[in-house]
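Asks: Going by this note's numbering, the letters in the sequence shown line up with residues 3 to 474, in that order. What follows is a single structure, and I will ask about it in a moment.
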Amino acid sequence: MSADRHPLGIIKNLGEKTIRGLDEKISGDLILPDNEQYHDARDVWNGLINRYPAVIVRAIDSDDVAAAINFVREQNLTLSIRGGAHHQAGEAIVDNGVVIDLAAFDHIDIDAEEQIANIGPGTQTKEVIEATQAHGLATPTGSAGCVGMGGTTLGGGIGWLRRKHGLSIDSLRSMEVVTADGAVHTASENQNADLFWALRGGGGQFGIVTNFEFELYDVGPLIGGLITFYPADAARTVLETYSEFTEPEAMSSIVNYGEVPAVPPIPESQQGEPAIGIIGCYAGNPETAMDAFAPLREITEPLIDATEPMAYTALHEIGTLMHPWGRKYINRSVFVDELTEQILELVITQTDTAPGEMDGVGIWSMGGAIDDDSETAYAWRDKSYLILIEAAWEDHDNPAHIEWAHETEQRFREAGAEGAYAGYAGVEEGEWEQWERKIFDDNHDRLRTLKTRYDPAGIFDHGLSVTPTTEQ
C-alpha cells in the first residue's frame, strides 16, 4: 500500500488544519489512528474483516452527521456508516476513509398508549426488545439480540415476528435521514415518499437515518418457543415433514442442519452433536402454540426438546449466543417457492460435505404478513422460504469455508433458487452487476433512478449499492 493510501498518509495529505476544522464542526468525538479508542471503534462482528479507516466521527446528533458527510464530499473521501457493525461483509468500516459511528444514537422513546416508538440507529435489537417488552409491546426486529437496529431495518429486517407482523420495514411510520447534500429530511408516506420507499429495503445507500419511528404491537411477555433437535441421521425425515407442514401465521420458524448449538437450556453434554433442529416463535397464546408445534415435535425421537412458553426476550438471546462477536463468518442466501426433493437433498449433502462443524444450511419460513405489503424496495416478498448458507469458523483455513459457501449457493441456484437477502449476501469481486438484481429484482431500476436523485456522486456507496443511471 502506498503511503498516501494508508490511513496516516490520508491524514497527512488532509493536513492538520483540515482535520482541526472538522473537529470544530462536530460536537461528538473525532477518533484518529493514534487515539486509544481507535481499535475498538474499527472493530466489527465478523472476525474475517480487518479494516483501517483514516477518520472516525462519533456523531451525537444530525448536525454532526451532516458535517461529516460534507467533509467526505468536499475532501473526496470514501465513507461508511457504523451502526451495530454486524453485517457479515463488514460494510460498517471502510479502509482509508471516514466512518460515521452512530453508537450515540441509542435513544428508545416509547409512547405505550399510542403504541409508537422512536428508536435510534445505534441501538441493539436486545435493547429495543427489553424496552418495549416492559410495556408488553414489540416491533419486528432481527432474530438475534446482538444486531443493530439501523442496518437490520434498512435491509428489510427478518425476525421472529415476520409472519405475524411482517418485516421491520413494514412497521416503519417515518424516518429522519441526512442525505448526501447534508440536508436533514423526514421520510414517510406523506413526506419524501420516494425516499421512504427506497430506504425500506434499499439499505443505507441513500442517506444516514438518525431516527426510526416504529409501530408497536401487543406481544408477550411470554410467547410459544419451539426448540427441538433431532439426530443428524433423521435429517431427511425432518426436512420432508417440515416441507409438508402448514405453519399458522402467528408462527415463524427456522430449520438448521448442522450441530446442536452451545446455548441454554441445552445441556452442555449435548452441545456440538451433529443434529437437525427446529426453532420457532408463536406470537400468540403460548398454550395454543403447543398445539401448533406438535407436528414438529413428534417427527421421531428427539435428541432435545426444550419447547415451552418462554420470554420473548429469551428467544433473541439464542441467536446472540449462536453467533459470537469475533468469530469468522460467511453468509449466502437464496429464496425458493417450495422445498422440492432436490432442494432438501442439497441441504443434506452440502452440510454433510462442509469443511467445518459450524458450517451448515438453514431454512427460514417466510410468507404470512411478509406478503401483505409490497410498497417498499424489499424484493422477493412472494417467496415461501429463505435458505441461509452459513460458514462459521475460528481457525485460519479461510479459503475452504469461503469456497464451500460459494459452491453451495451456486448449487441451490442451479436447483431453481433465486434472489438474495441483503442482510445475508456475500459478493465476490466482479459479480456486483448481477447481484444488484439478485437482491432488488424488479425494484432495481427504480432504485437506480432514486440513487441518481439522492446520491449521484456515490457518497453512500458500499458493497450492496446500486449504480446511478447515466441520466442526470
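Ideal placement from N, C-alpha and C gives every residue a C-beta, glycine not left out.
1) Is DSSP giving K440 helix, strand or coil here?
2) Closest by CA to E132, which one among T315, P55, M324, I171?
3) Does DSSP classify V349 as helix, strand or coil?
4) Rounded to the nearest angstrom, how far is the Cβ of L169 from that of G159, given a contact under 8 Å?
5) How is R44 classed by DSSP in three states: helix, strand or coil?
6) Less than 6 Å between C-beta atoms, sequence neighbours within five positions excluded: which residues of the same chain meet that for D235?
7) Taking the continuous beta strand (DSSP E) assigned at K19, which residues delimit it?
8) Does the Cβ-Cβ distance between L218 and Q117 come in under 8 Å?
9) Beta-carbon separation of M324 and V262 under 8 Å?
10) Using the beta-carbon count (16 or more within 10 Å), is K19 buried or exposed?
11) Pick out the complete alpha helix (DSSP H) segments inside the stretch 248-334, 4 residues or longer, and give them in chain order.
12) Let me make sure I understand the geometry here. Which of P326, E359, L348, D36 has the alpha-carbon closest to that of A277?
13) Could you give the distance in angstroms between the alpha-carbon of Q290 and the alpha-carbon of T309?
14) Spatial neighbours of A402 within its chain, please: C-beta separation below 6 Å, excluding the five flanking residues on both sides.
15) Please state whether the Cβ-Cβ distance between G138 and G226 is less than 8 Å.
16) Do you know offhand how far V67's Cα is from V211's?
17) In three-state DSSP terms, what is E431?
18) Name, in chain order, the residues that DSSP records as bridge partners for N213.
19) Flag G227 as yes if its beta-carbon sits less than 8 Å from any beta-carbon of chain D, otherwise no.
20) Which stretch, first to last residue, makes up the alpha helix (DSSP H) that contains E392?
21) Going by beta carbon distance, what residues of the same chain come within less than 7 Å of S376, once the five residues before and after it are set aside?
22) In the structure shown, what three-state DSSP assignment does W481 receive?
23) Please go through the same chain and pick out, in chain order, the residues whose beta-carbon is closer than 6 Å to the beta-carbon of G161, but skip the five residues on each side of it.
24) Can you give the Cα-Cα distance for E275 and I12, rounded to whole angstroms?
25) Could you tell me the alpha carbon to alpha carbon distance between I281 and V338, rounded to whole angstroms?
26) Assuming I58 is part of the beta strand (DSSP E), what are its boundary residues?
27) Taking the alpha-carbon positions, what's the N98 to P9 distance?
28) Going by DSSP, what residue range makes up the alpha helix (DSSP H) through W199?
29) Can you tell me the Cα-Cα spacing of P123 and R84, whole angstroms?
30) So, is D103 buried or exposed, given that buried needs 16 or more other C-beta atoms within 10 angstroms?
31) Hey, how far is the Cα of G22 from the Cα of Y54?
32) Here's a check: name, in chain order, each residue in its chain whose Cβ is nearer than 8 Å to the Cβ of I461, leaving out the five neighbours to either side.
33) Applying the criterion that 16 or more other CB atoms from any shown protein chain within 10 Å of the CB defines a buried residue, is P2 buried or exposed?
34) For N1, count the other beta carbons within 10 Å of its own beta carbon; 16 or more makes it buried, fewer makes it exposed. Which is it?
35) Whole-angstrom Cβ separation of S64 and V186, contact assumed at under 8 Å?
36) Rounded to a whole number of angstroms, what is the C-alpha to C-alpha distance between E411 and S335?
Replies: If we stick to the structure as given:
1) Here the question's residue 440 lines up with position 438 in the sequence shown. Correct three-state label for K440: helix.
2) Walking along the sequence shown from the start, residue 132 turns up at place 130. Ranked by Cα distance from E132, the options T315, P55, M324, I171 are led by T315.
3) Walking along the sequence shown from the start, residue 349 turns up at place 347. Secondary structure of V349 (DSSP, three-state): helix.
4) Position 167 of the sequence shown, counted from the first residue, corresponds to residue 169. Position 157 of the sequence shown, counted from the first residue, corresponds to residue 159. The C-beta distance from L169 to G159 rounds to 5 Å, short enough to fall under 8 Å.
5) For this step, residue 44 is matched to residue 42 along the sequence shown. It is coil, neither helix nor strand.
6) Counted from its first residue, the sequence shown places residue 235 at position 233. Sequence-distant Cβ neighbours of D235 in its own chain, meaning closer than 6 Å and more than five residues away, do not exist here.
7) Here residue 19 refers to the residue found at position 17 of the sequence shown. K19 -> not in any beta strand (DSSP E); alpha helix (DSSP H) instead, spanning 18-27.
8) Taking the first residue of the sequence shown as 1, we reach residue 218 at position 216. Taking the first residue of the sequence shown as 1, we reach residue 117 at position 115. Less than 8 Å separates the beta-carbon of L218 from that of Q117.
9) As a working note, residue 324 is residue 322 in the sequence shown. As a working note, residue 262 is residue 260 in the sequence shown. For the pair M324 and V262, the CB atoms are not nearer than the 8 Å cut-off.
10) Taking the first residue of the sequence shown as 1, we reach residue 19 at position 17. By the 10 Å Cβ count, K19 comes out exposed.
11) With a minimum length of 4 residues, the continuous alpha helix (DSSP H) runs that stay inside the stretch 248-334 are 288-299, 314-324.
12) Here residue 277 refers to the residue found at position 275 of the sequence shown. The alpha carbon of A277 has as its nearest neighbour, out of P326, E359, L348, D36, the alpha carbon of E359.
13) Numbered from 1 along the sequence shown, position 288 holds the residue referred to as residue 290. Numbered from 1 along the sequence shown, position 307 holds the residue referred to as residue 309. Residue 290 is actually Thr in this sequence, not Gln. Approximately 13 Å, taken between the alpha carbons.
14) Taking the first residue of the sequence shown as 1, we reach residue 402 at position 400. Excluding positions up to five away in sequence, the list reads P357.
15) Residue 138 sits at position 136 when you count from the first residue of the sequence shown. Residue 226 sits at position 224 when you count from the first residue of the sequence shown. For G138 and G226, no; Cβs fall outside 8 Å.
16) Taking the sequence shown and counting its residues from 1, the one referred to as residue 67 is at position 65. Taking the sequence shown and counting its residues from 1, the one referred to as residue 211 is at position 209. Roughly 10 Å between the two C-alpha positions.
17) The residue given as residue 431 occupies position 429 in the sequence shown. At E431, the pLDDT of 44 sits below 50, so the modelled position is not reliable; the number obtained from the coordinates is stated separately. DSSP places E431 in coil when its eight states are reduced to three.
18) Residue 213 sits at position 211 when you count from the first residue of the sequence shown. Within the DSSP bridge table, the entry for N213 names E178 as partners.
19) Although the question refers to chain D, the structure presented lacks it and comprises just one protein chain.
20) For the purposes of this step, residue 392 is taken as residue 390 along the sequence shown, with counting starting at 1. Careful: E392 lies outside any alpha helix (DSSP H), inside the beta strand (DSSP E) at 387-395.
21) Locating residue 376 in the sequence shown gives position 374, where the first residue counts as 1. Excluding residues within five positions, the ones whose Cβ falls inside 7 Å are R383.
22) Residue 481 falls outside the range modelled here, since the chain spans only 3 to 474, and no answer is possible.
23) Counting from one through the sequence shown, the residue named residue 161 turns up at place 159. Counting only Cβ-Cβ distances below 6 Å, and skipping sequence neighbours, we find P142, T143, G144, S145.
24) Looking up residue 275 in the sequence shown gives position 273. Looking up residue 12 in the sequence shown gives position 10. The alpha-carbon atoms of E275 and I12 are separated by roughly 49 Å.
25) Walking along the sequence shown from the start, residue 281 turns up at place 279. Walking along the sequence shown from the start, residue 338 turns up at place 336. Answer to the nearest angstrom: the Cα atoms are 20 Å apart.
26) Counting from one through the sequence shown, the residue named residue 58 turns up at place 56. Element bounds for I58: 57-60.
27) In the sequence shown, residue 98 corresponds to position 96, counting from 1. In the sequence shown, residue 9 corresponds to position 7, counting from 1. In this structure, the alpha-carbon of N98 lies about 5 Å from that of P9.
28) The sequence position of residue 199 within the sequence shown is 197, counting from 1. 195-204 is the span of the alpha helix (DSSP H), which, as asked, contains W199.
29) What you label residue 123 is simply residue 121 of the sequence shown in a count that begins at 1. What you label residue 84 is simply residue 82 of the sequence shown in a count that begins at 1. Answer to the nearest angstrom: the Cα atoms are 9 Å apart.
30) Residue mapping note: residue 103 aligns to position 101 of the sequence shown, counting from 1. Here D103 is buried. Its C-beta has 16 or more other C-beta atoms within 10 Å.
31) Numbered from its first residue, the sequence shown carries residue 22 at position 20. Numbered from its first residue, the sequence shown carries residue 54 at position 52. The amino acid occupying residue 22 in the given sequence is Arg; Gly does not appear at that position. C-alpha separation (whole angstroms): 20 Å.
32) For the purposes of this step, residue 461 is taken as the residue at position 459 of the sequence shown. Closer than 8 Å at Cβ, skipping near neighbours: I71, V74, R75, L81, A182.
33) With the chain covering only 3 through 474, there is no way to say anything about residue 2.
34) In the structure as shown, the chain begins at 3 and stops at 474. Residue 1 is therefore absent and cannot be evaluated.
35) Residue mapping note: residue 64 aligns to position 62 of the sequence shown, counting from 1. Residue mapping note: residue 186 aligns to position 184 of the sequence shown, counting from 1. Rounded, the Cβ-Cβ distance is 5 Å, consistent with contact.
36) One-based indexing of the sequence shown puts residue 411 at position 409. One-based indexing of the sequence shown puts residue 335 at position 333. When only Cα atoms are considered, E411 and S335 end up about 7 Å apart.
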